[in-house]
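Take a look at the structure below.
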Amino acid sequence: MPGLPSLRERGSRGEANMFIVNYIKDIYKGIRSLLVGMRRTGYYFTHHKEIITQEYPDNRDTLKMADRFKGEVVMPHDENNEHRCTGCTACELACPNGTIKVVTKFDITPEGKKKKAIDKLVYHLELCTMCNLCIIACPSDAIVMAQTFEHSVFDRAQLTKILNNPGSKIMEGVE
Amino acid sequence: MWSLSYIANALHDWLYQTFSPTLALIIEMVIAGIAVIGLFAVLGLVLVIMERRVAAWMQIRLGPNRVGPFGLLQSLADTLKLLVKEGMTPSGSDKFLFNLAPYIAMMVAMLLMAPIAFAKDFQLWDLNIGVLYVSAVSSIMVISILMAGWASNNKYSLMGAMRSGAQIVSYELSAGLSVLVVVVLTGSLKISDIIQSQADGWWIFKGHVPVLVAFVIFIIAVTAETNRAPFDLAEAESELTAGFHTEYSGMKFALFFLAEYINVFIVCSIGAILFLGGWMPFHIGHWEGFNRVMDYIPSSIWFFGKTFFLIFVIMWFRWTFPRLRIDQLLNLEWKYLLPISMINILLATAIAIAGWHF
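Chains D and F, in that order, give the protein sequences.
Going letter by letter, the first sequence gives residues 11 to 185 in this note's numbering.
Going letter by letter, the second sequence gives residues 18 to 375 in this note's numbering.
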């Protein structure tokens with residue numbers, strides 16, 4: 011509510027008239043804006059199909075998460091148990107709180123050359139803030155955010171995950 | 018006919034035939050007390066669940082829906098929880114006043130029940146200054162709030178109580194002036210007279226613009242007087258944790274909570290009595306047929322329907338408007354509501370003298 015001019019400010023008759031006009035205008039505008047707000051909530055009150063609450067444990071089978079929801083970091087593997095991770099440690103460097111640890115090893119290629127590859131990609135879910143920086147940093151799109159969210163376990167050691175499957179190897183053609 | 022007044026009269030006759038007049042009077046008083054307490058309990062449960070459902074639907078949520086059918090037993094479960102909780106008294110507090118305050122809040126609510134007409138000829142006490150009684154007794158409420166805030170020995174409680182005091186003292190003025198509009202038009206302070214004067218149409222329809230303005234001001238002022246949002250400065254959660262009842266827990270907190278809802282019910286029933294005709298069915302002038310049809314709906318349903326409509330409006334305010342700052346609150350009262358209601362009562366007096374109302 012804007013303040014009213016003090017008695018000193020309105021000396022002449024014209025200013026007094028302006029004061030009355032502004033006073034009534036204030037009341038009109040105030041009531042109007044309040045009614046606009048009440049119309050909105052009244053609309054929501056009568057239109058129950060607008061309700062956005064999901065009754066979670068009941069609708070677990072049909073629950074659809076939003077595309078942008080970030081649940082945990084996973085590494086997708088294809089049907090040949092191959093992933094796209096080159097072990098470049100870009101994700102480890104990008105992570106602000108040391109959630110990811112890349113353990114590398116050296117594979118021997120058929121030509122007899124040594125080639126760097128990942129042994130384990132250790133992911134500490136209990137430290138992760140789902141900031142998405144590792145996914146942005148990854149040059150070969152090896153890791154993505156999954157939409158799972160039921161992460162509670164009884165032992166916190168279970169929250170430390172190894173993202174690459176046992177025996178998996180890097181996909182052909184990913185450098 | 019099985020109306021409330023029929024039951025009351027039958028009981029009255031039976032008691033006076035069976036017992037001596039003194040004993041019968043005592044038994045009647047006990048019955049009335051128990052009925053009022055029972056009404057309090059039921060109202061508390063109903064209004065809390067109603068508030069939570071209204072709030073949820075206005076905020077596009079579902080609200081309580083797990084306990085009982087449609088979540089209707091949620092407030093009963095909450096009450097049970099509060100009953101078994103420990104009622105703590107902080108060691109630094111003024112123990113006597115601290116424990117007294119919630120009972121004063123309840124007592125005020127109970128006293129205010131006396132002159133309310135719940136149905137045709139169904140009223141605890143039809144005193145001839147009913148409206149004055151209500152506005153006098155309802156201002157005792159502020160004493161319980163100040164007492165609670167002072168005795169808690171907590172800066173937030175005290176701040177909440179002081180704000181509440183300033184607020185209730187200010188808003189009592191415009192509530193009183195808007196009530197006076199109807200009193201002027203009726204020419205009586207008696208609740209039953211005021212209701213009877215609306216037999217050919219409610220004041221809100223008969224009284225032209227002044228009564229309409231008075232009704233709006235009354236609703237705003239009583240929302241402030243009952244300390245409900247957007248005027249809930251006394252317990253502004255974000256600033257004062259819970260204001261005057263910060264230190265209260267268990268059943269003592271529940272009494273304050275209950276008193277708030279009972280007060281909402283009382284002010285809404287007063288609003289319904291003054292402006293919407295109380296238990297009077299919807300009558301239009303001398304349309305005999307129409308009026309006859311409306312009379313078939315029991316008067317208690319009319320009264321509770323109107324009251325709950327007003328309660329819904331006040332809940333609607335609460336879940337729509339943001340809270341006012343203390344200076345905005347006092348500006349609204351002293352610079353807008355009070356001048357308008359003063360001009361308004363002048364207009365209403367002119368209408369009453371000239372007999373322009375229907």
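Don't be surprised by glycine CBs; every beta carbon is placed ideally from N, CA and C.
Query, Result
"Give the straight-line distance between the Cα atoms of Q140 of chain F and A134 of chain F, rounded to the nearest whole angstrom.", "5 Å"
"How about T243 of chain F and V186 of chain F: are their beta carbons less than 8 Å apart?", "no"
"Rounded C-beta distance between V281 of chain F and I362 of chain F? I'm assuming under 8 Å.", "Between I362 of chain F and V281 of chain F the Cβ distance is about 25 Å, and since that is not below 8 Å, they are no contact."
"Just reading off the beta strand (DSSP E) that Y313 of chain F is part of, what are its end residues?", "Per DSSP, Y313 of chain F belongs to no beta strand (DSSP E) and is neither H nor E."
"Identify the residues that DSSP records as bridge partners of H93 of chain D: which are they?", "D:I180"
"Name the chain F residues whose beta carbon is nearer than 8 Å to that of E60 of chain D?", "I77"
"Cutting at 6 Å between CB atoms, please list the residues of its own chain near K269 of chain F, excluding the five before and the five after it.", "G104, P119"
"Apply the 10 Å Cβ neighbour rule to S255 of chain F and answer buried if 16 or more other Cβ atoms are within range, or exposed otherwise.", "exposed"
"What would DSSP say about Q91 of chain F, mapped onto helix, strand or coil?", "helix"
"For a contact meaning CB atoms closer than 7 Å, what does M48 of chain D contact in chain F?", "W333, T337"
"Give the C-beta separation of L355 of chain F and L190 of chain F to the nearest angstrom, bearing in mind that I take them to be a contact with Cβ-Cβ under 8 Å.", "6 Å"
"Can you check whether the C-beta of W74 of chain F is within less than 8 Å of a C-beta belonging to chain D?", "yes"
"For the 8 Å Cβ check, are there 3 or more pairs between the stretch 146–166 of chain F and the stretch 107–122 of chain F?", "yes"
"Any C-beta of chain F sitting closer than 8 Å to the C-beta of I34 of chain D?", "no"
"Any C-beta of chain D sitting closer than 8 Å to the C-beta of V84 of chain F?", "no"
"Residues of chain D with a CB under 9 Å from the CB of Y188 of chain F: which are they?", "Those within 9 Å of Y188 of chain F in chain D number zero; the least Cβ separation is about 16 Å."
"How far does the beta strand (DSSP E) with A156 of chain D in it reach, from first residue to last?", "154–156"
"Got a sec: is the Cβ-Cβ distance from I37 of chain D to anything in chain F below 8 Å?", "yes"
"Within the 8 Å Cβ cut-off, does F55 of chain D reach chain F?", "yes"
"Is the beta carbon of W319 of chain F sitting closer than 8 Å to the one on W296 of chain F?", "yes"
"Have a look at N348 of chain F and Q184 of chain F and give me their C-alpha separation to the nearest angstrom.", "11 Å"
"What's the C-alpha gap between S169 of chain F and M179 of chain F?", "13 Å"
"Could you check what DSSP says for Q140 of chain F in three-state terms: helix, strand or coil?", "strand"
"Would you check if the stretch 97–109 of chain D and the stretch 133–151 of chain D touch, i.e. whether three or more CB-CB distances between them fall below 8 Å?", "yes"
"Over the uninterrupted beta strand (DSSP E) stretch that includes I172 of chain D, give me the two end residues.", "170–172"
"I want to verify the contact list: residues of chain D whose CB lies under 7 Å from the CB of Y353 of chain F, in sequence order.", "I37"
"Against chain F, does L73 of chain D count as a neighbour if the rule is that its beta carbon must be under 8 Å from one of theirs?", "no"
"Residues bridged to T114 of chain D by DSSP?", "D:I128"
"Any beta carbon from chain D within less than 8 Å of V71 of chain F's own beta carbon?", "yes"
"Starting from the N-terminal side, write out each stretch of the alpha helix (DSSP H) that is 4 residues or longer and does not extend beyond the stretch 160–207 of chain F.", "172–203"
"As a quick exercise: from F:V239, F:F292, F:S205, pick the residue whose alpha carbon is nearest that of V226 of chain F.", "F:F292"
"Report yes or no: do three or more beta-carbon pairs, one from the stretch 70–88 of chain F and one from the stretch 30–45 of chain F, lie closer than 8 Å?", "no"
"So V84 of chain D is in the beta strand (DSSP E); what residue range does that whole segment cover?", "82–84"
"Can you pull the chain F neighbours of G24 of chain D, defined as C-beta to C-beta under 8 Å?", "By Cβ distance, chain F contributes nothing, its closest Cβ being about 21 Å from G24 of chain D, past 8 Å."
"In the DSSP output, which residue or residues are listed as bridge partners for A134 of chain F?", "F:Q140"
"At a cut-off of 7 Å, would you count F135 of chain F as near the ligand ZN, judging by its Cβ distance to the nearest heavy atom?", "Summarising the ligand content, the structure contains no ligands, and the ligand ZN is consequently not present."
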